[in-house]
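In numbering that gives the first Met the number 0, the protein residues as written are 0 to 142. Backbone N, C-alpha and C fix where the C-beta goes; we use that ideal spot for every residue, glycine too.
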Amino acid sequence: MKLRENDICFTFLVLRLMVGIVFIMAGLSKLLDYTGVIGYFQTSFGETWLPAFLVTIFAYLLPFVEAILGVLIFFGLLTRPALYLAGLLLVVLNFGLIVRGDGSAAKGNIPYLIIIALDIILLNYNKYSLDHLLFGMSADFED
0 MKLRENDICF TFLVLRLMVG IVFIMAGLSK LLDYTGVIGY FQTSFGETWL PAFLVTIFAY
60 LLPFVEAILG VLIFFGLLTR PALYLAGLLL VVLNFGLIVR GDGSAAKGNI PYLIIIALDI
120 ILLNYNKYSL DHLLFGMSAD FED
């Protein structure tokens, strides 16, 4: 059975929306307790070899980066760079979690990394998006 182009485009849409929602909610939940999140990062990474100033900068930026990437991915705007950055962000987060000794939390992010990788593979099917509407990207575009 051969997949139809519209089925692939819809599958990409569903995966993209899910990743977008996860990132939006992760960012918003951190923004609701912004100072608490920053304190949590400083405390929980304080015993690691990671430089405290980098942890603090990361903690300050993370909620905004997650929320912005989530919105871009959800609406399919600048989808390729947003997905690349989201994947790299998860790699950095997982690195920190592993350094902190929280491998189980790091494992929990693996499905999101796989879905982001699948989204990147399916980027040529980003038909239901602002990228397609504004820039004319369709299922048959070539890089």
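What's the gap between the Cα of residue i and the Cα of residue j?
| i | j | result |
| --- | --- | --- |
| Ala144 | Gly86 | Nothing about residue 144 can be read from this structure; the chain reaches only from 0 to 142. |
| Leu84 | Pro62 | 14 Å |
| Leu112 | Asp118 | 10 Å |
| Phe52 | Val70 | 28 Å |
| Met17 | Phe73 | 8 Å |
| Leu77 | Asp130 | 6 Å |
| Tyr59 | Thr42 | 14 Å |
| Leu96 | Ile109 | 12 Å |
| Gly45 | Ala116 | 32 Å |
| Thr10 | Met136 | 17 Å |
| Gly38 | Asp101 | 18 Å |
| Ile114 | Pro50 | 31 Å |
Taking buried to mean at least 16 other C-beta atoms within 10 Å of its own C-beta, is residue i buried or exposed?
| i | result |
| --- | --- |
| Met24 | exposed |
| Asn93 | buried |
| Asn5 | exposed |
| Ser28 | exposed |
| Gly107 | exposed |
Taking residue i as part of the alpha helix (DSSP H), name the residues at either end of that continuous run.
| i | result |
| --- | --- |
| Leu77 | Where Leu77 is concerned, there is no enclosing alpha helix (DSSP H), given that its DSSP letter is neither H nor E. |
| Ala126 | Looking at the sequence shown, residue 126 is not Ala but Lys. Where Lys126 is concerned, there is no enclosing alpha helix (DSSP H), given that its DSSP letter is neither H nor E. |
| Arg15 | 4-31 |
| Pro110 | 102-120 |
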